[in-house]
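**Student:** Below is a structure I'd like to ask you about.
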């Protein structure tokens, strides 16, 4: 089973929830898919294995074979390859790796080169298997790296995914085809606005979901009202607590800094299992 | 010898378009001749990325030897340079004025791109 | 005209509340919300919509099953596994590369442009505002960011506004790259946590990578004074001006709940003094 932890708005507590949930499951994996701003490792402090460099295919043109017919530029939707004067220029950072130019080249002059998009690291900590990805600074395309992390999750293990914020392609890549989405929000206008976007995303993907309202006493009641209206179960409410915020700042998982919380996270996991079982029957 | 001027409109009195990649169109002409061609750039206005690259390719295909524009980013510059086209940035006013300045030798080629890429 | 882009790497560090507060201190700015994926600035600035524009970007394939002969070439060539065994394109997986469209010998693949979202020109109580909404699960957020920034710059230039203040997206990926390129400066809003610091370092590296001058401020600095101290030292070592720090102040959240800026909610709140100081430093550094 794969449980993803997501939110429209950043900073609502995704990583806090994902790490403590994973630590409360017997034999789980945590996969941090927020490759732009990966933070789970700061809480779990895994012992890492050596990095895997992750690359994407880009065209590599053999100028001797190229007839400058320009067909590669015709098929490329991303303007990543162009014939100009007596040569072919490529712009690897614009390439989406579709392989179209290679397939279209009548002279067979295009081979597959690679461009580095980031790294993936595996590690272990407190009985958890850990994996995360880090996008190379300056690289724009997160989804291929996220899909690579997803491919490292064994289908029959229990995994918790820490997803990126927002609602666009990186989020889709992180949560698509997971069994359940935990939406984390805060009861403020920003939290509610971005929660609605996240709920729409989850609906498009047809994944069952539940809500955690973090810092549940800092704002108003509108998030709870919205959840009731949309019939999204509220899995947990956590009032603002300066001690939790301070433990967070030091990178301490809630269930380790406050062992009394472990039971609540174990119950959260049991509730999720029940909801997933219910959604499948 | 032909040159291309990025333009907001299809006449010599139109305002020079400061954008190169997403210019409304290009006026292609021989500075010593009254006639001119309008080269559309509409396919580029909606390009998700790489508009400058395509615009550079477009003007290169029209056999120009110089481009007069406002701003030119690194990718477009690289393509124009590869095609042996001299790039003159920071030009403004009407297309006609720009061509006059060019004829009078008042404009100097840029040594490189004068704006950062939008990445897109 | 100058453009200040407010970013943070990590979400939820207080970017948007900061932008709203700065909007009020600035002299007739143009406001730009470049967090098109989860735009929030309008919730405080309540803009009056003047113009709405469609945003189209990229293409998505679809297969006409009447014309399709099930030859399977598209499935074989699609690197994004976007075509099901019964020849239906999943628009969420479709990258818009057009390979299936190009190679289909039956002409069974349509490849129309996407309507990916909308962008808006508005007026709010502090000046003109340009903002946008990307469709759910859409791509090309970077291009939409580029559109709103360009429109904001156009307004500023044609009407003589001194400054554009842009609310940037979180992270370091495509929309952030599009949000900072060519800006006069970025203000990185961080918070004193290991996560906040980690993400600040990454977004600073990004600003350096694209040669955009960076400034730093620390929100909720008193939540962990020793990490704040570490962040200030880091900034000093890396020649990043630390333009101020804001104490933890419930007025930050409470003002947002009331759809007000910090200064409108309580001009005497402790955070106000700090934000005024930050603005004074920003003016020196950017304007």
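Residue numbers (my numbering), protein chains in the order written: chain D, 1 to 281; chain E, 1 to 120; chain B, 1 to 287. Built from N, CA and C at the ideal position, the CB exists for glycine as well. Treat the numbers as computed from the prediction; the structure is a model and nothing was measured.
#1: Mapping the DSSP letters down to three states, classify residue 121 of chain D as helix, strand or coil.
#2: Could you name the residues of the same chain whose beta carbon sits closer than 6 Å to that of residue 180 of chain D, not counting the 5 residues immediately before and after it, in chain order?
#3: Could you tell me which chain F residues have their CB closer than 7 Å to the CB of residue 94 of chain D, listed as they occur along the chain?
#4: Assuming residue 110 of chain B and residue 81 of chain B form a contact by the criterion Cβ under 8 Å, report the distance between their Cβ atoms to the nearest whole angstrom.
#5: Taking residue 186 of chain B as the reference, give the member of B:192, B:160 and B:217 with the closest Cα.
#6: Okay, do the region 56-73 of chain D and the region 199-216 of chain B touch, 3+ Cβ pairs below 8 Å being the bar?
#7: Count the other CB atoms, across all protein chains shown, that sit within 10 Å of the CB of residue 88 of chain B; report buried if there are 16 or more and exposed otherwise.
#8: Using a Cβ-Cβ cut-off of less than 7 Å, list which residues of the region 116-149 of chain B approach chain E; keep chain order.
#9: Closest to residue 219 of chain B by C-alpha separation, out of B:144, B:246 and B:266, would be which residue?
#10: Just mark residue 160 of chain B as buried or exposed, buried being the case when its beta carbon has 16 or more other beta carbons within 10 Å.
#11: List the residues of chain E whose Cβ lies closer than 8 Å to the Cβ of residue 78 of chain D, in chain order.
#12: For the region 102-118 of chain E, which residues have a beta carbon sitting closer than 8 Å to at least one beta carbon of chain D?
#13: How about residue 105 of chain D and residue 76 of chain D: do their beta carbons lie closer than 8 Å?
#14: Answer with buried or exposed for residue 239 of chain B, where buried requires no fewer than 16 other C-beta atoms within 10 angstroms of its C-beta.
#15: Answer yes or no: does any C-beta atom of chain D fall closer than 8 Å to that of residue 10 of chain E?
#16: Taking residue 23 of chain D as the reference, give the member of D:109, D:268, D:62 and D:61 with the closest Cα.
#17: Does the beta-carbon of residue 121 of chain D have 16 or more other beta-carbons within 10 angstroms, so that it is buried, or is it exposed?
#18: Using the C-alpha atoms, what's the distance from residue 7 of chain B back to residue 147 of chain B?
#19: Name the chain D residues that come within less than 7 Å of residue 193 of chain B, Cβ to Cβ?
#20: List the residues of chain E that residue 85 of chain D touches, going by C-beta distances under 9 Å, in chain order.
#21: Quick one: which unbroken beta strand (DSSP E) runs of 3-plus residues sit fully inside the region 173-219 of chain D? Chain order, please.
#22: Ends of the alpha helix (DSSP H) at residue 271 of chain D?
#23: With which residues is residue 59 of chain B paired in a DSSP beta bridge?
#24: Cβ closer than 9 Å: which chain E residues qualify as neighbours of residue 190 of chain D?
#25: Quick check: residue 118 of chain B and residue 55 of chain B, are their CB atoms within less than 8 Å of each other?
#26: Does residue 204 of chain B come out as helix, strand or coil in the three-state DSSP assignment?
#27: For the alpha helix (DSSP H) containing residue 143 of chain D, name the first residue and the last one.
#28: Tell me the DSSP bridge mates of residue 129 of chain B?
#29: Which partner residues of residue 149 of chain B appear in the DSSP bridge assignment?
#30: Within a Cβ cutoff of 7 Å, which residues of the same chain sit near residue 8 of chain E, ignoring the five residues on either side of it in sequence?
#31: Looking at chain E, is there any beta carbon in it that lies within less than 8 Å of the beta carbon of residue 211 of chain B?
**Tutor:** So, from the data block:
#1: Taking the first residue of the first chain as 1, we reach residue 121 of chain D at position 121. It is a strand residue.
#2: By one-based count along the first chain, residue 180 of chain D stands at place 180. Excluding positions up to five away in sequence, the list reads 3, 208, 272 and 276.
#3: Looking at the structure shown, chain F is missing, and the protein chains on hand are D, E and B.
#4: The residue given as residue 110 of chain B occupies position 110 in the third chain. The residue given as residue 81 of chain B occupies position 81 in the third chain. Not quite, the Cβ-Cβ distance comes to about 20 Å (not below 8 Å), so this is no contact.
#5: Position 186 of the third chain, counting from 1, holds the residue named residue 186 of chain B. Comparing Cα positions, the closest option is B:217.
#6: Put simply, the region 56-73 of chain D does not touch the region 199-216 of chain B. Fewer than three CB pairs are less than 8 Å apart.
#7: One-based indexing of the third chain puts residue 88 of chain B at position 88. Around the beta-carbon of residue 88 of chain B, fewer than 16 other beta-carbon atoms lie within 10 Å, marking it exposed.
#8: Of all residues in the region 116-149 of chain B, 140, 142, 143 and 146 have a Cβ within less than 7 Å of some Cβ in chain E.
#9: By 1-based counting over the third chain, the position of residue 219 of chain B is 219. Of B:144, B:246 and B:266, the residue nearest in Cα terms is B:246.
#10: What you label residue 160 of chain B is simply residue 160 of the third chain in a count that begins at 1. Its Cβ having fewer than 16 others within 10 Å, residue 160 of chain B is exposed.
#11: Position 78 of the first chain holds residue 78 of chain D. Under the 8 Å cutoff, chain E gives 48, 49 and 50.
#12: Within the region 102-118 of chain E, not one residue has a Cβ closer than 8 Å to any Cβ of chain D.
#13: As a first step, residue 105 of chain D must be located in the first chain, where it is residue number 105. As a first step, residue 76 of chain D must be located in the first chain, where it is residue number 76. No, they are not a contact pair.
#14: Along the third chain, one-based indexing puts residue 239 of chain B at 239. Answer is exposed; the Cβ neighbour count stays below 16.
#15: Here residue 10 of chain E refers to the residue found at position 10 when the second chain is read from its first residue. Chain D contact via Cβ: absent.
#16: Within the first chain, numbered from 1, the residue matching residue 23 of chain D stands at position 23. Ranking D:109, D:268, D:62 and D:61 by Cα distance to residue 23 of chain D puts D:268 first.
#17: As a position in the first chain, residue 121 of chain D is number 121, starting the count at 1. Buried is the call here.
#18: In the third chain, residue 147 of chain B corresponds to position 147, counting from 1. In the third chain, residue 7 of chain B corresponds to position 7, counting from 1. About 18 Å.
#19: On the third chain, residue 193 of chain B is found 193 positions in, with the first residue counted as 1. 248 and 249, listed in chain order.
#20: Taking the first residue of the first chain as 1, we reach residue 85 of chain D at position 85. Chain E residues near residue 85 of chain D: 60, 82, 83 and 84.
#21: As far as the region 173-219 of chain D is concerned, its whole beta strand (DSSP E) runs of at least 3 residues are 180-185 and 209-214.
#22: The residue given as residue 271 of chain D occupies position 271 in the first chain. For residue 271 of chain D, the enclosing alpha helix (DSSP H) has its first and last residue at 262-280.
#23: What you label residue 59 of chain B is simply residue 59 of the third chain in a count that begins at 1. B:113.
#24: Locating residue 190 of chain D in the first chain gives position 190, counting from the first residue. Chain-ordered listing is empty here: chain E has no CB closer than 9 Å to the CB of residue 190 of chain D, the nearest sitting near 27 Å.
#25: The sequence position of residue 118 of chain B within the third chain is 118, counting from 1. The sequence position of residue 55 of chain B within the third chain is 55, counting from 1. The Cβ-Cβ distance between residue 118 of chain B and residue 55 of chain B falls below 8 Å.
#26: If you number the third chain from 1, residue 204 of chain B lands on position 204. DSSP places residue 204 of chain B within a helical segment (H, G or I) once states are collapsed to three.
#27: For the purposes of this step, residue 143 of chain D is taken as the residue at position 143 of the first chain. Residue 143 of chain D -> alpha helix (DSSP H) spans 143-151.
#28: Your numbering for residue 129 of chain B matches position 129 in the third chain. Looking at the DSSP assignment, residue 129 of chain B forms a beta bridge with B:31 and B:122.
#29: By 1-based counting over the third chain, the position of residue 149 of chain B is 149. None, per the DSSP bridge assignment.
#30: Taking the first residue of the second chain as position 1, residue 8 of chain E is located at position 8. Closer than 7 Å at the Cβ level, and outside the excluded window around residue 8 of chain E, lie 14, 15, 17 and 24.
#31: The sequence position of residue 211 of chain B within the third chain is 211, counting from 1. Yes, residue 211 of chain B counts as interfacial toward chain E.
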